[in-house]
Each structure stands twice: as C-alpha cells, then as structure tokens.
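Participant:
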Amino acid sequence: MSRARPGGGPHTDAEAIHTASSAGRLSGSRLTLGYQRVTVTRDLDVHIPDGSFTVLVGANGCGKSTLLRALARALEPQGGAVFLDGAALSSLPAKQVARQLGLLPQGPVAPDGITVADLVARGRYPHQRMLRQWSKADDTAVAEAMAATHVEELADRYVDELSGGQRQRVWLALALAQQTSIMLLDEPTTFLDIAHQVDVLDLCAELHLGGRTLVAVLHDLNLACRYATHLIAMADGAIVAQGAPTDIVDAALVEQVFGLSCRIIADPESGTPLVVPTRRKALGADPPVLQVPAAT
9 MSRARPGGGP HTDAEAIHTA SSAGRLSGSR LTLGYQRVTV TRDLDVHIPD
59 GSFTVLVGAN GCGKSTLLRA LARALEPQGG AVFLDGAALS SLPAKQVARQ
109 LGLLPQGPVA PDGITVADLV ARGRYPHQRM LRQWSKADDT AVAEAMAATH
159 VEELADRYVD ELSGGQRQRV WLALALAQQT SIMLLDEPTT FLDIAHQVDV
209 LDLCAELHLG GRTLVAVLHD LNLACRYATH LIAMADGAIV AQGAPTDIVD
259 AALVEQVFGL SCRIIADPES GTPLVVPTRR KALGADPPVL QVPAAT
C-alpha cells in the first residue's frame, strides 16, 4: 500500500522526466488541476502501472474524473505535467497522442443520423495522413473492434436508436478501433443497469487480458475491487491509497474515502474485498410492519 507524497519544492524538468519514465508509460507529476477558479487537486503525483487495469475510486467531487481527463490531455494542468513515455504530453502532436491513448469520455454524444459502422470508423482518424487515406488495414481494425464488442449486427443501425448498453459498447468499439495500447474510460458504466455494467466490465477485463493498459473511473467500489488489478483511492483531491484491492481496501479506507461504516468480507464469487455497509440507524429485533388500509 502506498500513499501520496506530501507536496515539496518544485521538481526540475530532469527530475520530473526521470520520475515519469521510471514509473511506467503514463504518469503525472505535481499536478494541480481545476476548472477556472476552482482548484481540484494540488501537487498530485500519479503513476499508472504498465499492463494494469487501474480503477480510480472516491466520493463525488474528489477529483477522479478530473485526473482522468488530465491523463488523456482533455484538461490542461494548471501546474505540473503529464508524461507519456518520458515526454510531456502537452509537447506531443495531437495525432501522436491519439495513436497511443484512447479516451471514452463521460456521456459521449454521437452526431445525429450516424450509423454504428460510421461512428466506429471515426476511431481510425488518428491514423489518416495526407498520403495515407482509408485502407484495408482500417477496414480490418474497425471489423475487429466491432467483433470484440459484439456490435457487428448493429452496423447499419443509427446510434440514437440503440439502448444504453448497446451505445456504450459502440463507444468502446470506437476507442478500440484507434488501436491504442492505453485506454482511459470515464465512468463507462454510468446509467447502465447491473447486467449491462457487468457486460461492459467483462469486456474491459478481456481487453486488459489481451495486453492493453486500462484506466477507468468507477463509482461502484465492489465492482472496482472485482475487476481492478490496481486501485487508486482518492479523497479531497488527493490520492490516499493505491495498490491491489486486496492489499488496500479495509473498513478504515472506506470510512476515510466515502464516510461509510462497513464490514469487509470476501466476495464469494471472486475472493476480492466486498463492502457490506452497516446500518446508519439500528433497527429493533422486530421492525415495524407497514399497515395497509383496507379497501373501501
């Protein structure tokens, strides 16, 4: 289990690059992040282990989605820097970044009247150049992405006609079509019922086992514990613990991060930590029985 390093003096550029490159392909050093006048994190260091399925967890407003957006270059840091392969992410050409990092943002919106096949094909944009237009390799990448997400039969359907679970799979297919080795997913299970949440996370696990590094924001701590190989727990803009779920998740951490009293037991399906909340208000041995008025 590791904890965030207290803020100190500023790194030199050489120190920051050494820290980033020695920790894995994707990392952030002394990140101060926010929106206009609102600062969300200060002097935050984060390292994404290569080949991991990393999940960011924490209460609403703790900064997890803000951090993910910065790692994806969708949000410019107010201070510090994000590094990819030892180079500052902000210094790299946009198409080069898009060939390395795939992003599934929170609540993506498709253009009106676009079919599934056309939307997924947009994932090939980073690979298009002046002298390299659409090719058989692009056809293959799109077909493989749609097959992996099981949306081939939806190819000619309009995206706005699909269910929430189907749309989420289509957006994952678009990200897959980019053929990036690192994928960042911002709340990929939001608004999905439990069956579709499991479907999407099973798919993410398959992608991880296939060799990709995944970074996701999830709200459900139990699902995060089941699927993550590396968990980053955040509170008030800081990383308070990180490591394998079985190493870091205990009742004290859940209390610190979510303000929730609980018991931790082993998930009977996966053996990972399972959070069982305690009642906020104790009930008597014989709870009150709801009285239903007789029909008149």
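Heads up: the sequence shown runs through residues 9 to 304, numbered per the numbering used here. Just so it is clear, CB atoms sit at the ideal spot from N, CA and C, and this is done for glycine as well.
1) Reducing DSSP to helix, strand and coil, say where Val-159 ends up.
2) Quick one: measure Cβ to Cβ for Gly-111 and Ala-78, integer angstroms, because I've assumed they're closer than 8 angstroms.
3) Report the option in Thr-123, Asp-194, Asp-168 whose CA atom is closest to the CA atom of Gly-115.
4) Is it the case that the Cβ atoms of Val-223 and Ala-185 are separated by a distance below 8 angstroms?
5) Based on DSSP bridge pairs, tell me the residues matched to Ile-273.
6) Taking Val-63 as the reference, which of Ser-171, Gly-88, Val-257 has the closest Cα?
7) Can you name the start and end residues of the alpha helix (DSSP H) that Tyr-235 belongs to?
8) Look at Ala-232 and Gly-66 and say whether their C-beta atoms are less than 8 angstroms apart.
9) Rounded to whole angstroms, what's the CA-CA distance from Val-225 to Gln-141? Just pull it up for me.
10) For Leu-217, which of helix, strand or coil comes out of DSSP?
11) Report, in whole angstroms, the separation of the C-beta atoms of Val-178 and Asn-230, which I expect to be a contact under 8 angstroms.
12) Determine, using beta carbons only, whether Arg-287 comes closer than 8 angstroms to chain B.
13) Can you have a look at Lys-103 and say buried or exposed, based on whether 16 or more other CB atoms are within 10 angstroms of its CB?
14) CB Leu-209 to CB Gly-172, shorter than 8 angstroms?
15) Is the separation between the beta-carbon of Ala-106 and that of Pro-134 shorter than 8 angstroms?
16) What do you reckon, are the CB atoms on Ser-143 and Phe-91 nearer than 8 angstroms?
17) Going by DSSP in three states, Thr-47 sits in which element: helix, strand or coil?
18) What's the call for Pro-253, buried or exposed, on a 16-neighbour Cβ count within 10 Å?
19) Could you pull out every residue in the same chain whose Cβ sits closer than 6 angstroms to the Cβ of Arg-271, ignoring the five residues on either side in sequence?
20) Apart from the five residues on each side of it in sequence, which residues of its chain come closer than 6 angstroms, Cβ to Cβ, to Gly-245?
21) Quickly, what does DSSP pair Tyr-166 with across the bridge? List them, please.
Facilitator: Concretely, from the data shown:
1) coil
2) At residue 111 the sequence reads Leu, which differs from the Gly that was named. In fact, because the Cβ distance is near 11 angstroms, the residues do not count as touching under 8 angstroms.
3) Asp-194
4) no
5) Leu-282
6) Nearest of Ser-171, Gly-88, Val-257 to Val-63, Cα basis: Val-257.
7) 229-235
8) no
9) 34 angstroms
10) helix
11) In fact, because the Cβ distance is near 26 angstroms, the residues do not count as touching under 8 angstroms.
12) Considering every chain present, this structure includes no chain B. It has just one protein chain.
13) exposed
14) no
15) yes
16) In this structure, Phe-91 does not lie closer than 8 angstroms to Ser-143 by Cβ.
17) Residue state, collapsed to three classes: strand.
18) buried
19) Same-chain partners within the cutoff: Val-284.
20) Only residues of its own chain outside the window of five on either side were considered, and among them Val-48, Thr-49, Gly-71 have a CB closer than 6 angstroms to the CB of Gly-245, listed in chain order.
21) Thr-123
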